[in-house]
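Asks: Here the sequence shown is numbered in the numbering used here, starting from 471 and rising by one per residue.
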Amino acid sequence: MLETDLAIKRFRDYVIQQSRSNLTKSGHNNTSDLYNSLKGEIVSDKNYTIVGFQMNDYGTFVDLGVKGKTSSEKAPNSPYKFGTGTGRKGGLTEGIQKWVQQKGFQFRNKQGKFLSYKSTAYLITRSIFHKGIKPSLFFTKPFEAGYKKFIDTDIMLAFGKDIDTMIDYNLKNIK
Numbered sequence: 471m472l473e474t475d476l477a478i479k480r481f482r483d484y485v486i487q488q489s490r491s492n493l494t495k496s497g498h499n500n501t502s503d504l505y506n507s508l509k510g511e512i513v514s515d516k517n518y519t520i521v522g523f524q525m526n527d528y529g530t531f532v533d534l535g536v537k538g539k540t541s542s543e544k545a546p547n548s549p550y551k552f553g554t555g556t557g558r559k560g561g562l563t564e565g566i567q568k569w570v571q572q573k574g575f576q577f578r579n580k581q582g583k584f585l586s587y588k589s590t591a592y593l594i595t596r597s598i599f600h601k602g603i604k605p606s607l608f609f610t611k612p613f614e615a616g617y618k619k620f621i622d623t624d625i626m627l628a629f630g631k632d633i634d635t636m637i638d639y640n641l642k643n644i645k
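Now the structure itself:
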């Protein structure tokens, strides 16, 4: 199944490359942790082939968005929601505080003085917690496009070529 395996690898590589490109273009590639964590694995057996993708856990939140505690306007179709009590305590605060410090980002108070990184991070975290995170679909869109392009067409054609090759090989061995 040489042709089929090559088509499946092209699908995997396309999804990863496009997902990484989307992360960078959309400004979600701050530390490159998520970018570097994107991987695809192909598992084959006699009767099946499975393509699996993996990324850091928070990648699904970036991709699908998160509903806010008080508003789901930003991510109405997301399966995730802040304030359910199922997530790790303080995870959002830690991530935002790290991001604020890396970017050197600080709000100003009414007198024009800079707020501390901790205060800036608190205000951003509170807003995100209540309003949610808009979905970026950095992974979903390339996966769906790759599925249409490779699974629906290329892999089916490659599978047909592999079947033809096997039939030709078996016919030559019969003679």
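Every residue gets a Cβ at the ideal spot worked out from N, C-alpha and C, and that includes glycine. If you're wondering where the values come from, they're calculated on a predicted model, not measured in any experiment.
1. For Y484, which residues of its own chain have a beta-carbon under 6 Å away from its beta-carbon, when the five flanking residues on both sides are left out?
2. Tell me whether E543 sits in a helix, a strand or coil according to DSSP, three-state version.
3. Is the CB-CB distance between N500 and Q572 below 8 Å?
4. Quick check on the DSSP output: the beta strand (DSSP E) that includes T595 runs from which residue to which?
5. Between which residues of its own chain and F608 is the CB-CB distance below 7 Å, once the five residues before and five after are set aside?
6. Select from S597, T623, Y592, F620 the residue whose C-alpha is nearest the C-alpha of K568.
7. Going along the chain, which residues of its own chain have a beta-carbon closer than 8 Å to the beta-carbon of I566, five neighbours each way excluded?
8. Taking buried to mean at least 16 other C-beta atoms within 10 Å of its own C-beta, is Y505 buried or exposed?
9. Residues in its own chain within less than 7 Å of R482 by CB, not counting five upstream and five downstream?
10. Taking C-beta to C-beta, are K544 and G582 nearer than 8 Å?
11. Would you identify the three-state DSSP class for T519, choosing helix, strand or coil?
12. Where does the unbroken alpha helix (DSSP H) through K568 begin, and where does it stop?
13. Could you check whether T556 and H600 sit closer than 8 Å to each other, using their CB atoms as the reference points?
14. Can you say whether P546 is buried or exposed, counting buried as having 16 or more other CB atoms within 10 angstroms of its CB?
Replies: Let's see:
1. For this step, residue 484 is matched to residue 14 along the sequence shown. Taken in chain order, the residues that qualify are G616.
2. Counted from its first residue, the sequence shown places residue 543 at position 73. Three-state result, E543: coil.
3. For the purposes of this step, residue 500 is taken as the residue at position 30 of the sequence shown. For the purposes of this step, residue 572 is taken as the residue at position 102 of the sequence shown. Contact flag set, yes.
4. Within the sequence shown, the letter at position 125 stands for residue 595. Per DSSP, T595 belongs to no beta strand (DSSP E); it is in the alpha helix (DSSP H), 587 to 601.
5. Sequence index remark: in the sequence shown, residue 608 carries index 138 (1-based). Contacts found: S489, N492, L493, S496, H498, V532, D533.
6. Taking the sequence shown and counting its residues from 1, the one referred to as residue 568 is at position 98. It is Y592.
7. In the sequence shown, the residue the question calls residue 566 occupies position 96. Around I566: A591, I594, T595, I598.
8. Here residue 505 is taken as the residue at index 35 of the sequence shown, counted from 1. Its Cβ being crowded by 16 or more others within 10 Å, Y505 is buried.
9. As a first step, residue 482 must be located in the sequence shown, where it is residue number 12. Answer for R482: G510, I512, V521, listed in chain order.
10. Against the sequence shown, residue 544 aligns to sequence position 74. Against the sequence shown, residue 582 aligns to sequence position 112. Taking 8 Å as the Cβ cut-off, K544 and G582 do not qualify as a contacting pair.
11. Counting from 1 along the sequence shown, the entry for residue 519 is found at position 49. It is a strand residue.
12. As a position in the sequence shown, residue 568 is number 98, starting the count at 1. Looking at the DSSP string, the run of the alpha helix (DSSP H) that includes K568 is 561 to 573.
13. In the sequence shown, residue 600 corresponds to position 130, counting from 1. In the sequence shown, residue 556 corresponds to position 86, counting from 1. Going by C-beta atoms, H600 is not nearer than 8 Å to T556.
14. Numbered from 1 along the sequence shown, position 76 holds the residue referred to as residue 546. When all chains shown are included, P546 counts as exposed.
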